[in-house]
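Residue numbers (this note's numbering): -18 to 155.
To start, the structure under review is shown below, and the notes come after it.
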């Protein structure tokens, strides 16, 4: 880091990889590691080793789908013409979304708690709920078509540990 970056508390925001830094702990340079660390620190990693493995598997599923969704984010950010956005949506995003939703609905069907893993909120629930919200903002999620995922999002967003934060955070499209 150069001198200017060291003195700029927002310098890390221009980096494509998120950074987590706690002055009493350490810095972690990658978003996946940051998410895992914070999930363990705040009790969202899963209660058992099996649950933790399923949290990892489900968040990996999210990451795989997000790579496809990221194409839409970039296309809109770069102001691609409407016909190109429509083509990207119909030829790439929607075909990827279908199996993603199918797998998630299957997981929710098997886990009767209403959460994706175990009987309490986990990183998997947070990641998927945020993704559902982003897809909704892009017009790519309709609650009436995906009631289980809509119920998960509502359950996560009304969780006592998160409700106030979610209600007061700034809006972001993705």
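Just so you know, even glycine gets a beta-carbon here, dropped at the ideal spot from N, CA and C.
Tell me where the alpha helix (DSSP H) around residue 79 begins and ends.
-> 75 to 91
Just to confirm, are residue 42 and residue 86 a CB contact at a threshold of 8 angstroms?
-> Against a cut-off of 8 angstroms, the Cβ pair of residue 86 and residue 42 comes out as no contact.
Touching or not, the region 99 to 108 and the region 136 to 148, by the rule of three or more beta carbon pairs under 8 angstroms?
-> Result yes; three or more Cβ-Cβ pairs closer than 8 angstroms.
For residue 33, is the classification buried or exposed, using 16 other Cβ atoms within 10 angstroms of its Cβ as the cut-off for buried?
-> buried
Report the option in 97, 52, 137 whose CA atom is closest to the CA atom of residue 82.
-> 97
Residue burial classification, residue 46 (beta-carbon count within 10 angstroms, cutoff 16) = buried
Taking all protein chains shown into account, decide if residue 112 is buried (16 or more other Cβ within 10 angstroms of its Cβ) or exposed.
-> buried
Quick one: what's got a C-beta closer than 6 angstroms to residue 89's C-beta in the same chain, skipping five residues either side?
-> The beta carbon of residue 89 sits closer than 6 angstroms to those of 129, all from its chain and outside the five residues before and after it, given in chain order.
Within this structure, are the beta carbons of residue 91 and residue 110 separated by less than 8 angstroms?
-> no
Could you check if residue 152 is buried or exposed, using at least 16 other CB atoms within 10 Å of its CB as the buried criterion?
-> Around the beta carbon of residue 152, a 10 Å sphere encloses fewer than 16 other beta carbons of the protein chains shown; the residue is thus reported as exposed.
Segment limits, alpha helix (DSSP H) that includes residue 101 = It is not in any alpha helix (DSSP H) - residue 101 carries neither H nor E in the DSSP assignment.
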